[in-house]
Amino acid sequence: MGRTSELHALEALLVEAEKEGAALLLRGDPGVGKTALLDAVTAHARTGGLRVLQVVGVESEQELAFSALHQLLYPLFDHLAGLPAFQSAVLEQALSIREGSAPGRFAISAAALALLQAASLRRPLCVVVDDVHWIDRSSAEVLTFITRRLTSCRAAFVMTARSGAHGFLDPTGLRVLDVGPLPAPDALVLLDSRHPGLAEATRRRLLDESEGNPLALVELPSQLTDAQRDGVETLPTNLPLNSRLESVFADRVRQLGSVTRFALLLTALDGERPGNLGDIRAAFGAGGEQWDDGLLETGERTGLVRVDHVAEQVTFRHPLVRSCVVHMSPAGRRRAAHRALAEVLKAEPERRALHLAHAADDPDEAVAVELTGAAERAMARGGAAEAATAYRRAAELSQDSIERVRRLEQAAFAAGIAGLLGTAHELAGQTTESLRGAAAAGYVQFHREGDIDAVYRILPPAMEAARGSTAPKDADAFDDAFYVLLNAAVWGGRAELWPPVYRALDRISESARMCFDSVADPARTAHDVRERLDRATAALSPETPLWRVTWLIYTAMYLDCFTYYDGVWREAVGHSAYDSLRFGVVARTHEAFMRGEWDKVQAITSQGFADATEHEYHLIHIIFTYGLAMVASGRGDEEALRRHCDTITAWAQPRRMQLLMSTVNETWARAAVGRGDFEEAYLLTSALTPPGELPSHFPHFSRVFLDLVESAMRTGRTEAARAHVEAGRQARLDAISPHHAAILAAAAAAVAAPDEEAGALYEAALAVPDASLWPFEHARVRLWYGEWLRRRREYTAARVQLSLALEVFEQQLKAPLWAQRARDELRAAGVGVGIADARTGVKMSAQERRIAELAASGLSNKEIGRQLNISPRTAGAHLYRVFPKLGITSRAALRDALKAFDEANGM
Numbered sequence: 092m093g094r095t096s097e098l099h100a101l102e103a104l105l106v107e108a109e110k111e112g113a114a115l116l117l118r119g120d121p122g123v124g125k126t127a128l129l130d131a132v133t134a135h136a137r138t139g140g141l142r143v144l145q146v147v148g149v150e151s152e153q154e155l156a157f158s159a160l161h162q163l164l165y166p167l168f169d170h171l172a173g174l175p176a177f178q179s180a181v182l183e184q185a186l187s188i189r190e191g192s193a194p195g196r197f198a199i200s201a202a203a204l205a206l207l208q209a210a211s212l213r214r215p216l217c218v219v220v221d222d223v224h225w226i227d228r229s230s231a232e233v234l235t236f237i238t239r240r241l242t243s244c245r246a247a248f249v250m251t252a253r254s255g256a257h258g259f260l261d262p263t264g265l266r267v268l269d270v271g272p273l274p275a276p277d278a279l280v281l282l283d284s285r286h287p288g289l290a291e292a293t294r295r296r297l298l299d300e301s302e303g304n305p306l307a308l309v310e311l312p313s314q315l316t317d318a319q320r321d322g323v324e325t326l327p328t329n330l331p332l333n334s335r336l337e338s339v340f341a342d343r344v345r346q347l348g349s350v351t352r353f354a355l356l357l358t359a360l361d362g363e364r365p366g367n368l369g370d371i372r373a374a375f376g377a378g379g380e381q382w383d384d385g386l387l388e389t390g391e392r393t394g395l396v397r398v399d400h401v402a403e404q405v406t407f408r409h410p411l412v413r414s415c416v417v418h419m420s421p422a423g424r425r426r427a428a429h430r431a432l433a434e435v436l437k438a439e440p441e442r443r444a445l446h447l448a449h450a451a452d453d454p455d456e457a458v459a460v461e462l463t464g465a466a467e468r469a470m471a472r473g474g475a476a477e478a479a480t481a482y483r484r485a486a487e488l489s490q491d492s493i494e495r496v497r498r499l500e501q502a503a504f505a506a507g508i509a510g511l512l513g514t515a516h517e518l519a520g521q522t523t524e525s526l527r528g529a530a531a532a533g534y535v536q537f538h539r540e541g542d543i544d545a546v547y548r549i550l551p552p553a554m555e556a557a558r559g560s561t562a563p564k565d566a567d568a569f570d571d572a573f574y575v576l577l578n579a580a581v582w583g584g585r586a587e588l589w590p591p592v593y594r595a596l597d598r599i600s601e602s603a604r605m606c607f608d609s610v611a612d613p614a615r616t617a618h619d620v621r622e623r624l625d626r627a628t629a630a631l632s633p634e635t636p637l638w639r640v641t642w643l644i645y646t647a648m649y650l651d652c653f654t655y656y657d658g659v660w661r662e663a664v665g666h667s668a669y670d671s672l673r674f675g676v677v678a679r680t681h682e683a684f685m686r687g688e689w690d691k692v693q694a695i696t697s698q699g700f701a702d703a704t705e706h707e708y709h710l711i712h713i714i715f716t717y718g719l720a721m722v723a724s725g726r727g728d729e730e731a732l733r734r735h736c737d738t739i740t741a742w743a744q745p746r747r748m749q750l751l752m753s754t755v756n757e758t759w760a761r762a763a764v765g766r767g768d769f770e771e772a773y774l775l776t777s778a779l780t781p782p783g784e785l786p787s788h789f790p791h792f793s794r795v796f797l798d799l800v801e802s803a804m805r806t807g808r809t810e811a812a813r814a815h816v817e818a819g820r821q822a823r824l825d826a827i828s829p830h831h832a833a834i835l836a837a838a839a840a841a842v843a844a845p846d847e848e849a850g851a852l853y854e855a856a857l858a859v860p861d862a863s864l865w866p867f868e869h870a871r872v873r874l875w876y877g878e879w880l881r882r883r884r885e886y887t888a889a890r891v892q893l894s895l896a897l898e899v900f901e902q903q904l905k906a907p908l909w910a911q912r913a914r915d916e917l918r919a920a921g922v923g924v925g926i927a928d929a930r931t932g933v934k935m936s937a938q939e940r941r942i943a944e945l946a947a948s949g950l951s952n953k954e955i956g957r958q959l960n961i962s963p964r965t966a967g968a969h970l971y972r973v974f975p976k977l978g979i980t981s982r983a984a985l986r987d988a989l990k991a992f993d994e995a996n997g998m
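Heads up: take any position in the sequence shown, counting from 1, add 91, and you land on our numbering.
The following block contains the structure:
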């Protein structure tokens, strides 16, 4: 009643779902009619032939990982056989049907979406999720993922949430329909239809008090005395709506006997799952009570619960009933109910452990052990957030102080994996006396706060104290601590940060040492890392701890060879576990830029930003910003570049993160080279790597190597350019990785450009194995080679190289300034040469035109010569011939004359 527009919106959603998926969130106050709308859309969907899947969020199951996802997907398990084997395995692991390595959240979400897609091929789906604000975090994150990707899934998702309470669901991008109070005329009709004969004063008061809330209109009058209904007595004092409704249900609960109330309490704590009636009966007996089927009939008669004897399921009529039953029960009675449920749930160890934990009011080591086991199983399924909660409660229940610290460490670690950096920080603060706790605390300080000084206050002392231990778990903890310390030193980029890193080298694993050699000072230590990385990759298996894979990813990223191994590592350790590694996303972003997949960089970073923002990974957010800055610099989008660099500077500068600050110079230098401002490019790059020097502990030296060499050559600093190439040769850069070899070969060709041997060097640079995998550098070599050939008047060969360069710059990279440089050279090489003046028939060559444009922009003959690799005298000679063709006698008139020339020729 009074919900015509809402029903039309829901019906339209069902129609839409028959073609492609859609999701809608119904949001409103308790009692406003959200559940009634769900009932209506469910009935309409069934009538229309859609398959209905129902999920109910239950407050008592919020700590049970994937409990809501189990409700959603379990009815669809007959479609599992149609999924790829690894996806079906992921879902079986997440839902505790089989054991295996911890699936990543992305893998679980993708597999869940695939199962829904498979089921919807046979029959469109209608998924209704009531009280989404109560579902567990892991399920909510999967649900958020699915509802944003429904275009290829014939499913209508309709969810309800209380106003201002979405729980763990992220509603960003969801269509939201706010369900407000009933309009006054509809409220009056509803009240009169349910409670005819009320006195006029009573009707007016109830309409005012209910504020259009349907549940209040239906329930409040039944609580009035006959005298109040007839208007003889005044109504109760006005109360807030939610409190009033709870009071309505509370009165009904109080009317029940203690035995019936205990049955309802068991129902509230066990969850409203299909088949829960059997557990409730068994737990009732375990609690020392005698079961009577009439117990729940009393609850039904009072309108508190519904009993489906076919499905063996008990559900509450309204979520507020469940809340009232729990909150009105004394603490001792709640503990007794939890103990009874734990007794009958021995076949479900996670549920049993959670009930035991709630039943305990004092430390209990036996319960702590069971809860620790439940946390470990949650971690294995990818439920890190729920595992953190379980570990934390296990620590609270620990009687052994050593075990308490260990469980707090595990809770901090699990919280970090889940991206709950605030929780990890709080937990780690209680355990910093241990190395694992110190590592967790340092991890949070680094990734959330970017506080390198705090990292160094925490980690070196803890690592020094742990040096004497030979226990395997301490060796793992030492590697974890070293990972944070190494990252802090690398991004900090300050000399004083490195001594503690070097002191730790004799205690770390081979994987950690290999990463150090690749990242810390690669120009001096990375030459054999590629072979070691191959050996480490060959030794991987599904039992390999994930932290070791992170070392490999970090190593490969700085060798620019992540793509070589990405698929191999995924297969070796399992898709789900591998995809849970957050650093893998960072590596894919970097590799996408290096491989010329610049649109892909933007796609990856958009998802990376969302994850980093949600989980407070502020440093990762800035690193993704650097990825966007690299693309903007390559494409010459200086407005975007300025915005990204300002963001980097604002965050990195006060934290003294020198390597992160260097990315500003790096990206602006790349942009300057693209637009032909070689003087600026030289000043920026030489500030990072002085010519002829590869600075110690500056792992980004290769990213500015070519820009420094080219800008030095084009500004007449030939000796500086040659010194830098020689430094690269002396450092044997070509032995580090194929990409480093391609960079060195390209630079060597560039500095030899004036010499006769340059042609052979350009050919050698283009022939470096796999050189084309890095299209930006490869196209630059072709551009330089084409320029060199054109200056030697080998126009045919020049056109081949320049055309190939233009294709990469224009089509693949979408870099307009670089494409324009290639076009200018092509014109100078005879492609499109000859721009006729319609008025005089006089022709201006492409070279003359280019020189005229540069002079019009304000460049001197010397600057023009540097940019075009010609002498200042040659530039002046060309201008001398251009002036009479344009009918002018000075540079000041060039701009207007060129404009008039173009207009006259229809250009």
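Idealized CB from N, CA, C, for every residue including glycine.
Between which residues of its own chain and residue i is the CB-CB distance below 7 Å, once the five residues before and five after are set aside?
i    : result
T242 : E111, G112
R372 : W382
A919 : R881, A937, Q938, R941
K125 : L117, G119, T251, V270
A427 : G378
A292 : G322
For a quick check, are the C-beta atoms of residue i and residue j less than 9 Å apart?
i     : j    : result
H135  : E107 : no
V458  : V344 : no
E461  : R443 : yes
G255  : G148 : no
A185  : V218 : no
D1000 : G93  : The chain is shown from 92 up to 998; residue 1000 falls before or after that span and cannot be answered.
V435  : A374 : yes
D690  : K905 : yes
C606  : T635 : no
R982  : L970 : yes
V795  : N756 : yes
R598  : M554 : yes
A811  : P782 : yes
A210  : H170 : yes
H830  : M685 : yes
Would you grab the beta carbon distance between residue i and residue j for me? Rounded to a whole angstrom, and I think it's under 8 Å.
i    : j    : result
F867 : G687 : 6 Å
A354 : L386 : 5 Å
G369 : E403 : 6 Å
According to DSSP, which residues form a beta bridge with residue i?
i    : result
D915 : D915 pairs with nothing; no bridge assigned.
F407 : V396
D269 : R118
V143 : C217
T628 : Answer is none; T628 lacks a bridge partner.
Excluding the 5 residues preceding and the 5 following residue i in the sequence, name in chain order all residues of the same chain whose CB lies nearer than 6 Å to its CB.
i    : result
L330 : The predicted model places L330 with a pLDDT of 44, which falls under 50 and marks its position as unreliable, so this point remains unresolved.
E230 : At residue 230 the sequence reads Ser, which differs from the Glu that was named. Here the set comprises F157, A159, L160.
V132 : L101, V249
A984 : none
G932 : In this predicted model, G932 has a pLDDT of only 47, less than 50, meaning its place in the structure is not dependable enough to derive any value.
Report all residues from its chain with a CB closer than 8 Å to the CB of residue i; omit the five preceding and five following residues, and keep chain order.
i    : result
L852 : A836, A839, A840, A843
E954 : L945
Just checking, does the segment 444-458 make contact with the segment 480-498 on the three C-beta pairs under 8 Å criterion?
-> Touching, yes, given that three or more Cβ pairs across the two stretches are closer than 8 Å.
Does the segment 611-631 come within contact of the segment 823-832, defined as at least 3 CB pairs closer than 8 Å?
-> yes
Report yes or no: do the segment 666-685 and the segment 695-706 share at least 3 C-beta pairs separated by less than 8 Å?
-> yes
Is the segment 775-795 touching the segment 608-615 in the sense that three or more CB pairs, one from each, lie closer than 8 Å?
-> yes
Is the number of C-beta pairs between the segment 721-737 and the segment 703-710 that are closer than 8 Å three or more?
-> The segment 721-737 vs the segment 703-710: no contact.
Looking at C-beta atoms only, is the number of pairs between the segment 769-777 and the segment 549-566 that lie closer than 8 Å three or more?
-> no
Would you call the segment 858-866 and the segment 882-892 in contact, with 3 or more CB pairs under 8 Å?
-> At 8 Å Cβ cutoff, the stretches do not touch.
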